[in-house]
Amino acid sequence: MYDNSCASLHTLPVEILHCIFDYLDILAILLSLHKTCRRLRAVVNNYDRYIIDFNQITSSNLRHICYSIKPSRIQFLTLSHSAERCDRLTLFNSLFRVKQFTHVQTLTLIEIKETQLRNILKHVDISSLTSLTIDAKQESILDIMRVQQRHILHQY
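Those letters in the sequence shown? Residues 861 to 1016, per the numbering used here, in order.
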């Protein structure tokens, strides 16, 4: 018979903890759970379904996130170059290279400049993405996407 009094976060299987993490934001995982105990730190270090939305993260928290997790553990990534967020994109570019994000499945780009888009598209395997969203303000970005789309379709 199962004893409920022994059940705790520390005794749950890793798979269950990862399912719980799926419902938490990255800061809760890194700032709260990561510092709880050695076991939870190890579970957090092996979690590979992080969601990062640079619109929702302050620059100081972004720096902490960048030093705490490997880019290969991020599945969902949102980058923005809006006027109030451009410092974060600059910080992101100083800490990471786009090609480090080898397991990104969903990529969202908001108000990205043409040069940034070209760099991202050069280093991201678009065919491995399940979702690519681009909020483009410039007509030239739409032209780039049309060319990229033809290139992807031509491969298949």
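The C-beta atom is built at its ideal place from N, Cα and C for all residues, glycine as well.
Beta-carbon proximity list for residue i, same chain, < 7 Å, skipping 5 on both sides
| i | result |
| --- | --- |
| Asp913 | Thr938 |
Nearest-angstrom Cα separation, counted from residue j out to residue i
| i | j | result |
| --- | --- | --- |
| Val903 | Thr975 | 38 Å |
| Leu869 | Leu877 | 8 Å |
| Asp882 | Val964 | 15 Å |
| Ile970 | Thr993 | 8 Å |
| Asn979 | Phe956 | 13 Å |
| Ser988 | Ile934 | 14 Å |
| Thr896 | Asp995 | 39 Å |
| Asn906 | Glu875 | 11 Å |
Residue i vs residue j beta-carbon contact at 7 Å
| i | j | result |
| --- | --- | --- |
| Thr962 | Ser932 | yes |
| His941 | Lys959 | no |
| Tyr910 | Ile886 | yes |
Residue range of the alpha helix (DSSP H) that includes residue i
| i | result |
| --- | --- |
| Phe881 | Val874 to Phe881 |
| Thr975 | Glu974 to His983 |
| Ile925 | Ser919 to Ser928 |
| Leu900 | Arg898 to Asn906 |
Min CB distance residue i to chain B below 7 Å
| i | result |
| --- | --- |
| Thr896 | The structure shown contains no chain B; it is built from a single protein chain. |
Limits of the beta strand (DSSP E) - the one that residue i falls within
| i | result |
| --- | --- |
| Thr869 | Looking at the sequence provided, one finds Leu at residue 869 rather than Thr. Here Leu869 belongs to no beta strand (DSSP E), and DSSP marks it neither H nor E. |
| Leu969 | Thr966 to Ile970 |
| Leu937 | Ile934 to Ser940 |
Contact set for residue i: own chain, Cβ-Cβ below 6 Å, skip 5 residues either direction
| i | result |
| --- | --- |
| Phe936 | Ile911 and Thr966 |
| Do three or more CB pairs link the segment 951 to 958 to the segment 966 to 975 at distances below 8 Å? | As far as the Cβ criterion goes, the segment 951 to 958 does not touch the segment 966 to 975, which means the pair count is below three.
| request: Could you tell me whether the segment 882 to 900 touches the segment 922 to 932, where touching means 3 or more Cβ pairs closer than 8 Å? | output: The segment 882 to 900 vs the segment 922 to 932: in contact.
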